[in-house]
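Residue numbers (our numbering): 1291 to 1622. We put the beta carbon where it would ideally sit given N, CA and C, even for glycine. Since the structure comes first, as C-alpha cells, the remarks are kept for the end.
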Ligand SMILES: NC(=O)c1ccc[n+]([C@@H]2O[C@H](COP(=O)([O-])OP(=O)(O)OC[C@H]3O[C@@H](n4cnc5c(N)ncnc54)[C@H](O)[C@@H]3O)[C@@H](O)[C@H]2O)c1
C-alpha cells in the first residue's frame, strides 16, 4: 500500500517473507542502523556498513553525531539508502539521522516490534531524547516500510501486548473491519490486522501531517494517564497506554461526559487479546499522578483529555489539570 503524506513524501508499505530475502533485493549503495539486540543479522549484511544502536539508551544526540561521522567516513551521499532495523527507538533514531544528513538521505524502515510496525514507523515523526524524551525531532516519512512478521516471533509477551494495545486503540478510534477483528478476538498479528492498523493511523496523520491542526490528538487516547504510568512504573508504552485508555473512560464518566464506551467492556476486550494490566494499583496508588502535569497536549493548565464515546467515535474534554487530579480521587 502507498501512504501519501505530502507532495514530496510517500511511504510504500509492504510485507516481506524474510529479512534475508529483503536484503538480497537491495542495491549496493546502502548502509544499516540496527538494534544491538539483533546483532546476529549482521552476517547477512556487507562488512563495515552496519551501525549498532542500543535502543532507547542510545537514542540521543551524541549517538546521532557518531552515526553522522560514520556516514561521512563511508563516503555516503544523499542517494545512499539508510536502512533501519529495530524497534521504535531504533527507527526514530535512524529516521532523525537520515533527515538531517545532507538535508535528507534515502530511508527505509524495517520495524522489528509490533508497536513500531503499526505506530513508530508510520507517520513520519522522528525523534531523539535530549534533556527529556523525544524533545528533538523532524517530520521525515521513510520512502519504504518493510514488515517481516518473522521478527515478532522473538518478542516477549509484554512487547506483543504493547503492540496489540496500540492496534486495539486504533481499531476502536476508527471502527470498521479492524474493530470487528478486535471484538471477535481475531488474530491481531495477521497481515490484515497490521495493514488496517497502519491505514487507521495514516487516516488520522494524513489530515494533519505536521501535527499543527490538533487532528492527531485522537491518537492521544490513553496517553495523558498512560505516559504518567509509563514514566512512574517504567512500564512498556503500549501497556501503559492501554491502562490509560481504561482509566480515561472511567474518568470521562466522572467528568460528566454523556456518552462513554464502558470502561469494563474495554478492559475485557484488552484482556481477550492478552493485554493485562494491574488497574486496581493505578486506581489506588497516587504517586504516578504528578507526572500527568508533563502531558504534551497540555496548554497552560488545560489538558485535552481524549476518550471514546463509542466504537469509531472519540471525544475530547478540555479540563484543568487540577480538576483532573481531583476527579481521579473518585476512581475506585
Ligand atoms: N515516531 C513515532 O511516531 C513513534 C510513535 C510511538 C512510539 N515511538 C517511539 O518508539 C519507541 C518504542 O518502540 P518499541 O516498543 O518498539 O521500543 P524499542 O525500540 O525500545 O524496542 C523494545 C525492546 O525490544 C527489543 N527488540 C526489538 N526487536 C525485537 C525482536 N524482533 N525480538 C526481540 N526483541 C526485540 C529491543 O532491543 C528493545 O529491548 C520509543 O522510543 C517511542 O518514543 C515513536
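- By the criterion of a C-beta distance shorter than 7 Å, residue 1497 is surrounded in its chain by 1505, once the five residues flanking it on both sides are discounted.
- Here the alpha carbon of residue 1523 sits roughly 22 Å from the alpha carbon of residue 1509.
- Taking 8 Å as the cut-off, the Cβ atoms of residue 1380 and residue 1436 do not count as close.
- Taking all protein chains in view, the Cβ of residue 1370 is crowded by 16 or more other Cβ atoms within 10 Å, so the residue is classified as buried.
- Short of 8 Å from the beta carbon of residue 1450, and not among the five residues preceding or following it, lie these beta carbons of its own chain, in chain order: 1404, 1442, 1479, 1564.
- With distances taken between CA atoms, residue 1302 lies nearest to 1434 out of 1540, 1434, 1545, 1529.
- Residue burial annotation: residue 1552 is exposed, with fewer than 16 other C-beta atoms found within 10 angstroms of its C-beta.
- At a Cβ-Cβ threshold of 8 Å, residue 1597 and residue 1607 count as neighbours.
- Annotation for residue 1409: 1456 place their beta carbon closer than 6 Å to its own, counting only its chain and skipping 5 residues before and after.
- When DSSP states are grouped into helix, strand and coil, residue 1396 belongs to the strand group.
- Checking the 7 Å criterion, the Cβ of residue 1346 is within range of a heavy atom belonging to ligand 1.
- Judged by DSSP in its simplified three-state form, residue 1622 adopts coil rather than helix or strand.
- Relative to the non-hydrogen atoms of ligand 1, the Cβ of residue 1328 comes within a distance shorter than 7 Å of at least one.
- It is roughly 19 Å from the alpha-carbon of residue 1599 to the alpha-carbon of residue 1618.
- Residue nearest to residue 1548 within the set 1555, 1554, 1540 is 1540 (criterion: CA-CA distance).
- Relative to ligand 1, the nearest heavy atom lies less than 7 Å away from the CB of residue 1379.
- Here the alpha carbons of residue 1544 and residue 1577 stand approximately 20 Å from one another.
- At the C-beta level, residue 1460 and residue 1490 come within 8 Å of one another.
- Collapsing the DSSP output to three states places residue 1365 in coil.
- Taking the CA atoms as reference points, residue 1481 sits about 34 Å from residue 1361.
- Residue 1375 sits away from residue 1354, with the two beta carbons spaced by 8 Å or more.
- Looking at 1453, 1542, 1502, 1579, the one whose alpha-carbon comes closest to that of residue 1527 is 1453.
- Between the region 1303 to 1311 and the region 1336 to 1350 there are fewer than three inter-stretch CB-CB distances shorter than 8 Å, so the stretches are not counted as touching.
- Rounded to the nearest angstrom, the Cβ distance from residue 1519 to residue 1542 is 17 Å, too far for a contact under 8 Å.
- One alpha carbon belongs to residue 1418, the other to residue 1426, and they sit about 5 Å apart.
- DSSP places residue 1594 in the uninterrupted beta strand (DSSP E) bounded by 1592 to 1600.
- In the three-state DSSP reduction, residue 1391 falls in the helix class (H, G or I).
- The Cβ-Cβ distance between residue 1486 and residue 1472 does not fall below 8 Å.
- Relative to ligand 1, even the nearest heavy atom lies 7 Å or more away from the CB of residue 1564.
- Excluding sequence positions up to five before and after residue 1328, its CB lies within less than 7 Å of the CB of 1375, 1376, 1402, all in the same chain and listed in chain order.
- For residue 1579, the three-state secondary structure derived from DSSP is helix.
- Counting every other CB atom within 10 Å of its CB across the protein chains shown gives residue 1326 a total below 16, marking it as exposed.
- At a Cβ-Cβ threshold of 8 Å, residue 1609 and residue 1573 do not count as neighbours.
- Restricting attention to 1428, 1338, 1368, the CA atom closest to the CA of residue 1500 is found in 1428.
- Using a Cβ distance threshold of 8 Å, residue 1339 and residue 1321 count as a contacting pair.
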